[in-house]
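Undergrad: Let me give you the structure first, and then I'll get to my questions.
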Amino acid sequence: MNYWLFKSEPDEFGIDDLAACKRERWDGIRNYQARNLLRDQVAVGDQVLIYHSSCKKVGVAGVARVVAAAYPDPLQFDPDSQYFDPKSSPDNPRWISVDITFVEKFPNVLPLARIKAAPLLADMVLVKQGRLSIQPVQPDEWQVILEMVRQFG
DNA sequence: GCCAACGTTGGC
DNA sequence: GCCAACGTTGGC
């Protein structure tokens, strides 16, 4: 089983929305590095940190679990969607979705500033390559994050 | 709102 | 295939 971090803007879709709907298609990913991870590595049963970006409380907000592995993102075929891609086709889809389900909402969002300040998390992709929207998380990093949440919350 | 970092596009 | 121009992300 692998660990991941998915970014979302809580104004669009955050941990509370996930808790309310229980299961959600993670769509609209339009970055090749993130796409490749979704397509090749994200598997059913993997665990996911839900990260809130571009908002007041930037940081890790909770946990989700993967319930459906890679399949074509339907929005790429929808001309009315902002994620429509005219260069993609059902025969050869370019963009990938997975489904996740709600697991846990943290009592408090673990702030990015705390993550950046933690020596044990200095090698996190979040710290080193902040812009990637689907990121691998190492098992030891996962443990450190959850321990920090326990102390912070 | 600013701006640094980084990804994508397109001319050559 | 290089690289300049441009667009986007996302923290602050």
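For the record, in the first sequence the residue sitting at position 153 is 152 according to numbering that gives the first Met the number 0, with numbers rising by one throughout. Idealized CB from N, CA, C, for every residue including glycine. All values reported here derive from a predicted model rather than from experimental measurement.
Which class does D84 belong to by DSSP, given the choice of helix, strand or coil?
TA: Numbered from its first residue, the first sequence carries residue 84 at position 85. It is coil, neither helix nor strand.
Undergrad: By alpha-carbon positions, which one of S7, Q40, D15, Q137 ends up nearest to W25?
TA: Start at 1 with the first residue of the first sequence, and residue 25 comes out as number 26. Comparing Cα-Cα distances from W25 to each of S7, Q40, D15, Q137, the minimum goes to S7.
Undergrad: I need the straight-line Cα distance from Q150 to L4, nearest angstrom please.
TA: As a working note, residue 150 is residue 151 in the first sequence. As a working note, residue 4 is residue 5 in the first sequence. About 20 angstroms.
Undergrad: Does the count of Cβ pairs from the region 74 to 92 and the region 108 to 115 closer than 8 angstroms reach three?
TA: No, the region 74 to 92 does not touch the region 108 to 115.
Undergrad: Could you tell me if F101 is buried or exposed, where buried requires 16 or more neighbouring beta carbons within 10 angstroms of its beta carbon?
TA: By 1-based counting over the first sequence, the position of residue 101 is 102. The residue in question, F101, is buried, as its Cβ has 16 or more Cβ neighbours within 10 Å.
Undergrad: Considering only the beta carbon of each residue, do I49 and G61 sit closer than 7 angstroms?
TA: Your numbering for residue 49 matches position 50 in the first sequence. Your numbering for residue 61 matches position 62 in the first sequence. Yes. Within cutoff.
Undergrad: Taking C-beta to C-beta, are Q45 and V65 nearer than 7 angstroms?
TA: On the first sequence, position 46 is the one that residue 45 refers to. On the first sequence, position 66 is the one that residue 65 refers to. It is worth fixing the name first, because residue 45 is Asp in this sequence and not Gln. In this structure, V65 lies closer than 7 angstroms to D45 by Cβ.
Undergrad: Check for me: the alpha helix (DSSP H) holding V159 runs from which residue to which?
TA: Outside the displayed span of the chain (0 to 152) sits residue 159, for which this structure offers no information.
Undergrad: In the DSSP assignment, the alpha helix (DSSP H) including I144 goes from what residue to what residue?
TA: On the first sequence, position 145 is the one that residue 144 refers to. Unbroken alpha helix (DSSP H) run through I144: 138 to 151.
Undergrad: Less than 7 angstroms between the beta carbons of Y156 and S87, yes or no?
TA: Residue 156 is absent from the structure shown; the chain starts at 0 and stops at 152.
Undergrad: In the DSSP assignment, what residue or residues form a beta bridge with W3?
TA: Position 4 of the first sequence holds residue 3. In DSSP, W3 forms a bridge with V47, P135.
Undergrad: Considering only residues of the same chain and omitting the five flanking positions on each side of E80, which have a CB-CB separation below 6 angstroms?
TA: Translated into the one-based positions of the first sequence, residue 80 becomes position 81. Residue 80 is actually Ser in this sequence, not Glu. L74, listed in sequence order.
Undergrad: Using DSSP bridges, identify the partner residues of E103.
TA: For the purposes of this step, residue 103 is taken as the residue at position 104 of the first sequence. Per DSSP, V62.
Undergrad: Helix, strand or coil for I95? Go by DSSP, reduced to three states.
TA: Start at 1 with the first residue of the first sequence, and residue 95 comes out as number 96. It is a strand residue.
Undergrad: What does DSSP give as the partner residues of E23 in its beta bridges?
TA: The residue labelled residue 23 in the question sits at position 24 within the first sequence. Answer is I99, bridged to E23.
Undergrad: What span of residues does the alpha helix (DSSP H) with N35 cover, start to end?
TA: Taking the first residue of the first sequence as position 1, residue 35 is located at position 36. Segment 31 to 39, the alpha helix (DSSP H) holding N35.
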